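Student: I have a structure I would like to understand better, so I am pasting it below and will then ask my questions one at a time.
Right, dumping it as structure tokens:
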């Protein structure tokens with residue numbers, strides 16, 4: 002298998018699905034799918050085997066040895082079988098953004114499109130943000146397949162623009178819809194974040210699954226927040242998407258154990274940010290807290306199924322369950 006010079010990690014997995022550097026052996030399957038799906042691609046004629054061979058030899062083959070290629074292409078696999086392909090294209094290395102491309106086996110589209118589109122997005126996002134440190138990724142789609150959009154929005158993309166009658170296709174002008182996602186990162190919590198975290202904590206959607214159901218007063222929260230920031234036993238971070246705070250995570254230390262607590266801005270619920278917040282938070286905390294912490298724990302209301310799933314997916318194990326709430330722990334020795 003060929004490897005991209007610009008990537009440290011070459012293969013990205015979710016269960017039996019993976020994206021790997023585009024394989025020569027998949028070129029004719031890709032050609033077939035492109036020809037079958039020309040209606041939504043920027044392709045103006047049927048590709049021939051000769052066209053495909055030429056493209057792979059003169060364009061694709063050169064991408065692997067470049068420090069900053071204009072595109073990075075992958076085969077999307079189920080086991081060892083190619084069922085789609087795509088990548089990051091029109092990469093702007095100066096402004097650190099790229100367009101996402103993807104097509105899948107035409108025979109799978111009707112029944113499995115949502116699953117594979119969502120899985121692929123999670124994999125290509127890791128390439129963009131974790132490997133290449135891009136700031137922004139986006140999709141550029143002819144407004145012909147509205148079923149693309151709910152999956153994008155569930156995956157944390159937002160509709161950035163609709164370009165009216167922007168492209169001439171099939172003898173008519175059609176609109177183009179652009180969805181985008183900006184890289185998330187953590188920063189230390191600041192005193193000026195008190196109002197933002199108060200707004201999140203008092204939102205009815207958040208209060209529904211709060212461990213402490215007592216009403217939160219602003220002055221109490223402001224004092225509590227300031228004390229947490231002063232404490233040497235508290236590590237407190239905000240998750241940022243671009244310049245917008247979208248969640249917070251806190252680790253309260255007691256001897257060699259840390260209790261975890263996190264909040265998401267309710268408008269970002271259901272988009273996968275809970276897992277991002279916990280994963281990044283744990284990684285940051287482990288780097289800063291040192292080796293004295295051997296265990297991270299957290300309480301979750303049992304009916305809060307998204308949070309339960311996040312903890313379990315990140316390797317936490319259940320240690321207690323009182324019928325209403327459960328305690329989860331993660332050993333970090």
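Residue numbers (my numbering): 2 to 334.
Cβ atoms here follow ideal geometry from the backbone N, Cα and C, with glycine treated the same way.
These numbers come from a predicted model, not from an experiment.
Under a Cβ-count criterion, where at least 16 other Cβ atoms within 10 Å of its own Cβ denotes burial, should residue 87 be classed as buried or exposed?
Tutor: Its Cβ being crowded by 16 or more others within 10 Å, residue 87 is buried.
Student: Taking 8 Å as the limit between beta carbons, can you name the residues of its chain near residue 161, skipping five residues before and five after?
Tutor: Closer than 8 Å at the Cβ level, and outside the excluded window around residue 161, lie 139, 179, 180 and 181.
Student: Where does residue 225 sit, in a helix, a strand or coil, going by DSSP?
Tutor: Residue 225: helix per DSSP, three-state reduction.
Student: Would a C-beta distance cut-off of 8 Å place residue 264 and residue 315 closer than the cut-off?
Tutor: No.
Student: Please confirm whether residue 135 and residue 99 have their CB atoms less than 8 Å apart.
Tutor: Yes.
Student: Would you say residue 259 and residue 226 are within 8 Å of each other, going by their C-beta atoms?
Tutor: No, the pair does not count as a contact, with Cβ atoms beyond the cut-off.
Student: Using the rule of at least 16 other Cβ atoms within 10 Å of the residue's Cβ for burial, across every protein chain shown, is residue 32 buried or exposed?
Tutor: Label assigned to residue 32: buried.
Student: So, under 8 Å CB-CB, residue 281 and residue 302 are touching, yes? Tell me the CB distance rounded to an integer number of Å.
Tutor: Residue 281 to residue 302, Cβ: 23 Å. No contact.
Student: Can you give me the Cβ contacts of residue 38 inside the same chain, cut-off strictly under 7 Å, excluding the 5 residues immediately before and after it?
Tutor: So the qualifying residues of the chain are 104 and 107.
Student: Ignore the nearest five residues each way along the sequence and tell me which others in residue 68's own chain have a CB closer than 7 Å to its CB.
Tutor: Closer than 7 Å at the Cβ level, and outside the excluded window around residue 68, lie 6 and 7.
Student: Quick one: what does DSSP say residue 118 is sitting in, helix, strand or coil?
Tutor: DSSP places residue 118 in helix when its eight states are reduced to three.
Student: Find out if the Cβ-Cβ distance for the pair residue 148, residue 113 is shorter than 8 Å.
Tutor: Cβ atoms of residue 148 and residue 113: not closer than 8 Å.
Student: Straight-line CA distance for residue 235 to residue 217?
Tutor: Each residue's Cα considered, the two are about 20 Å apart.
Student: On the DSSP bridge list, what partners appear for residue 103?
Tutor: Beta-bridge pairing links residue 103 to 87.
Student: Does the beta-carbon of residue 277 have 16 or more other beta-carbons within 10 angstroms, so that it is buried, or is it exposed?
Tutor: By the 10 Å Cβ count, residue 277 comes out buried.
Student: Got a sec, what are the start and stop residues for the alpha helix (DSSP H) residue 36 sits in?
Tutor: Counting along the chain, the alpha helix (DSSP H) containing residue 36 begins and ends at 28-37.
Student: With a Cβ-Cβ cutoff of 8 Å, do residue 332 and residue 295 count as a contact?
Tutor: Taking 8 Å as the Cβ cut-off, residue 332 and residue 295 qualify as a contacting pair.
Student: Which residues mark the beginning and the end of the alpha helix (DSSP H) in which residue 61 is found?
Tutor: Premise fails: residue 61 is in no alpha helix (DSSP H) and is neither H nor E.
Student: Roughly how far, in whole angstroms, is the beta-carbon of residue 41 from the beta-carbon of residue 188, given that I think they are within contact range, below 8 Å?
Tutor: Not a contact, Cβ separation roughly 39 Å.
Student: Let me make sure I understand the geometry here. Which of 128, 74, 70 and 94 has the alpha-carbon closest to that of residue 28?
Tutor: Of the listed residues, the one whose Cα sits closest to residue 28 is 74.
Student: Is the beta carbon of residue 129 less than 8 Å from the beta carbon of residue 64?
Tutor: No, the pair does not count as a contact, with Cβ atoms beyond the cut-off.
Student: Mind checking which residues open and close the alpha helix (DSSP H) that includes residue 281?
Tutor: 274-290 is the extent of the alpha helix (DSSP H) around residue 281.
Student: Please report the straight-line C-alpha distance between residue 266 and residue 57, rounded to a whole angstrom.
Tutor: When rounded, the distance between both Cα atoms is 45 Å.
Student: Measure the CB-CB distance between residue 20 and residue 109 and report whether it falls below 8 Å.
Tutor: For residue 20 and residue 109, no; Cβs fall outside 8 Å.
Student: How about residue 243 and residue 183: do their beta carbons lie closer than 8 Å?
Tutor: Result yes, Cβ atoms of residue 243 and residue 183 sit closer than 8 Å.
Student: Return the first residue and the last residue of the alpha helix (DSSP H) that residue 40 is part of.
Tutor: Careful: residue 40 lies outside any alpha helix (DSSP H) and carries neither H nor E.
Student: Would DSSP call residue 25 helix, strand or coil?
Tutor: The answer is helix: DSSP assigns residue 25 an H, G or I state.
Student: State the Cα-Cα distance for the pair residue 157 and residue 81, rounded to the nearest angstrom.
Tutor: Spanning the two alpha carbons is a distance of roughly 29 Å.
Student: Please report the distance separating the alpha-carbon of residue 307 from that of residue 96.
Tutor: Taking the straight line from one Cα to the other gives about 34 Å.
Student: Residues in its own chain within less than 7 Å of residue 194 by CB, not counting five upstream and five downstream?
Tutor: 239 and 246, listed in sequence order.
Student: I want to check one thing, is the minimum distance from the CB of residue 324 to the heavy atoms of the ligand SAM below 7 Å?
Tutor: Here there are no bound small molecules, and the ligand SAM is not part of this structure.
Student: Can you tell which of 12, 289, 253 and 328 has its C-alpha closest to the C-alpha of residue 126?
Tutor: The shortest C-alpha separation from residue 126 is found at 12.
Student: In three-state terms, what does DSSP make of residue 153?
Tutor: Residue state, collapsed to three classes: helix.
Student: Nearest to residue 78 by alpha carbon, out of 159, 121 and 310?
Tutor: It is 121 whose Cα lies nearest to the Cα of residue 78.
Student: Between which residues of its own chain and residue 131 is the CB-CB distance below 7 Å, once the five residues before and five after are set aside?
Tutor: Contacts found: none.
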